[in-house]
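Peer 1: A single structure is presented below for examination.
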Amino acid sequence: MASSVQVYYVPNNTIGPMFSSMRAERSIYAGSGWFIAATEKPEIPEAQDLSLTFSCNDQSFVDAAAVAERISPGQYIAYRKIIKQRKLDEQFKGSCEIHDVVITDYLKLVEEKWQKFARESGKADLKSRESLCRLELMLYDISDCAEDEIRRHPKLWQSVLKSVLNPHLPAIAECIGRLSLYVWHNYRPIKHNTLYGWAPSELLWRFVKDRCQWELADLQKEIAQLKAPINSRSVAERPSLYQFLLHLGLILFSYDFHTLCKLRGRRQI
């Protein structure tokens, strides 16, 4: 029988070099120390099993629980047991609401960058290499600004915001890749059309435009969910691993635009 996950607490003033070897996804820093969800006690002498002795302050614990609830639902179950035992539901709800505000502001920043890219791509001169290169730099800027914003937050928020950003990184990479190919195709010496009468560059540009709109729709949906009352949301409403992998599967068909239209249930062009 598999051992159940427990939450261990390591006070901030007892951290030694051994802790640096811990897997990042198992540890959460909040307020007064580190919280580690594991099936076995970490090899840190100062680690304390919170299910046996609650040795940290309530606020640090619920802050760590709010992080775990978002980045690791499996670990969150262990936090949830202690929340119920100590009747910290209201305090935990308040911490989640604060997290949602921070995440919402962060996603709005990313959305604004995509909106700017959408506006500029709509009026870009596709015959100008300089204009296309500016668009490519804007895509890199989305990634750089998103990463910089994470670093500006306290350590507690960084793991949360990284988990929020990760599902949105493929859109940036895919658009940069297609845009680079578009520039290369338009400025190579010899050009060929496809069997279907579509120039590959037209397919590439179409992908960039559509991928931008899909990403904006995803961001706006996520922001709307975060703004909804916390009691009306559930973990199931957040994108699941299956949904994310399905989305990536659709992207793999993106070069064949007609196939993608069929898979997404859209009208063919």
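Oh and the sequence shown: position 244 is 244 in full-length UniProt numbering, straight run, nothing missing.
The beta carbon of each residue, even a glycine, is placed where N, CA and C say it ideally should be.
State the CB to CB distance for the pair residue 65 and residue 99, rounded to an integer number of angstroms; the pair is presumed to be in contact (CB under 8 Å).
Peer 2: About 10 Å; that fails the 8 Å criterion.
Peer 1: If you draw a straight line from the C-alpha of residue 69 to the C-alpha of residue 183, how long is it?
Peer 2: Those two C-alpha atoms are separated by around 43 Å.
Peer 1: Taking the runs of the alpha helix (DSSP H) that are 4 residues or longer, which of them lie wholly in the region 21 to 86?
Peer 2: Taking only runs of at least 4 residues, the alpha helix (DSSP H) segments lying wholly in the region 21 to 86 are 58 to 71, 73 to 85.
Peer 1: Check the DSSP bridge columns for residue 8 and list the partner residues they point to.
Peer 2: According to DSSP, which records beta bridges pairwise, residue 8 is partnered with 36, 49.
Peer 1: Residue 124 and residue 212: beta carbons closer than 7 Å?
Peer 2: Going by C-beta atoms, residue 124 is not nearer than 7 Å to residue 212.
Peer 1: Hey, how far is the Cα of residue 122 from the Cα of residue 226?
Peer 2: Distance between the alpha carbons of residue 122 and residue 226: 29 Å.
Peer 1: Please state whether DSSP places residue 126 in a helix, a strand or coil.
Peer 2: In the structure shown, residue 126 sits in coil (DSSP, three-state: anything other than H, G, I, E or B).
Peer 1: Along the chain, where does the alpha helix (DSSP H) that runs through residue 185 open and close?
Peer 2: Here the alpha helix (DSSP H) through residue 185 covers 169 to 187.
Peer 1: Whose C-beta lies closer than 6 Å to the C-beta of residue 4 among residues of the same chain, with five residues either side of it excluded?
Peer 2: Same-chain partners within the cutoff: there are none.
Peer 1: Using the rule of at least 16 other Cβ atoms within 10 Å of the residue's Cβ for burial, across every protein chain shown, is residue 110 buried or exposed?
Peer 2: That one is buried.
Peer 1: For the alpha helix (DSSP H) that residue 165 lies in, which residues bound it at each end?
Peer 2: Per DSSP, residue 165 belongs to the alpha helix (DSSP H) from 155 to 165.
Peer 1: Is it buried or exposed, residue 178, if we count other Cβ atoms within 10 angstroms and call 16 or more buried?
Peer 2: With 16 or more Cβ atoms within 10 Å of its Cβ, residue 178 is classed as buried.
Peer 1: Do you know how far the Cα of residue 60 is from the Cα of residue 95?
Peer 2: Those two C-alpha atoms are separated by around 10 Å.
Peer 1: Looking only at C-alpha atoms, which of 223, 127, 217, 103 sits nearest to residue 185?
Peer 2: Comparing Cα positions, the closest option is 127.
Peer 1: Could you tell me the alpha carbon to alpha carbon distance between residue 37 and residue 75, rounded to whole angstroms?
Peer 2: About 6 Å.
Peer 1: Would residue 10 and residue 40 be called neighbours here (beta carbons separated by less than 7 Å)?
Peer 2: No, the Cβ-Cβ distance between residue 10 and residue 40 is not below 7 Å.
Peer 1: Give the single residue among 134, 129, 222, 145 whose Cα lies nearest to the Cα of residue 167.
Peer 2: Residue 222 is the option with its Cα nearest to residue 167.
Peer 1: Using CA coordinates, which residue listed in 161, 57, 108, 164 is at the minimum distance from residue 86?
Peer 2: Nearest option by C-alpha distance: 57.
Peer 1: With DSSP run on the structure shown, which of helix, strand or coil describes residue 107?
Peer 2: If DSSP states are grouped into helix, strand and coil, residue 107 belongs with the helices.
Peer 1: Taking all protein chains shown into account, decide if residue 43 is buried (16 or more other Cβ within 10 angstroms of its Cβ) or exposed.
Peer 2: Residue 43 should be labelled exposed.
Peer 1: Which value, in whole angstroms, describes the spacing of the CA atoms of residue 214 and residue 28?
Peer 2: Those two C-alpha atoms are separated by around 32 Å.
Peer 1: As a quick exercise: from 7, 187, 90, 55, pick the residue whose alpha carbon is nearest that of residue 77.
Peer 2: Per the Cα distances, 7.
Peer 1: Using C-beta distances below 7 Å, list every residue in its chain close to residue 12, excluding the 5 sequence neighbours before and after it, in chain order.
Peer 2: Correct list, in chain order: 32, 33.
Peer 1: Near residue 104, what residues of its chain come up, given a Cβ to Cβ distance below 7 Å and the 5 sequence neighbours on each side ignored?
Peer 2: Taken in chain order, the residues that qualify are 223, 226, 227.
Peer 1: Measure how close the beta-carbons of residue 143 and residue 172 come, nearest whole angstrom, since I'm counting them as under 8 Å.
Peer 2: At roughly 5 Å, the Cβ-Cβ gap stays under 8 Å, so residue 143 and residue 172 are in contact.
Peer 1: Quick one: is the Cβ of residue 29 within less than 6 Å of any heavy atom of the ligand GTP?
Peer 2: The ligand content of the structure shown is nil, which means the ligand GTP is not present either.
Peer 1: Should residue 79 be labelled buried (16 or more other beta-carbon atoms within 10 Å of its own) or exposed?
Peer 2: By the neighbour-count rule (16 or more Cβ atoms within 10 Å), residue 79 is buried.
Peer 1: Helix, strand or coil, according to DSSP, for residue 152 in the structure here?
Peer 2: Coil.
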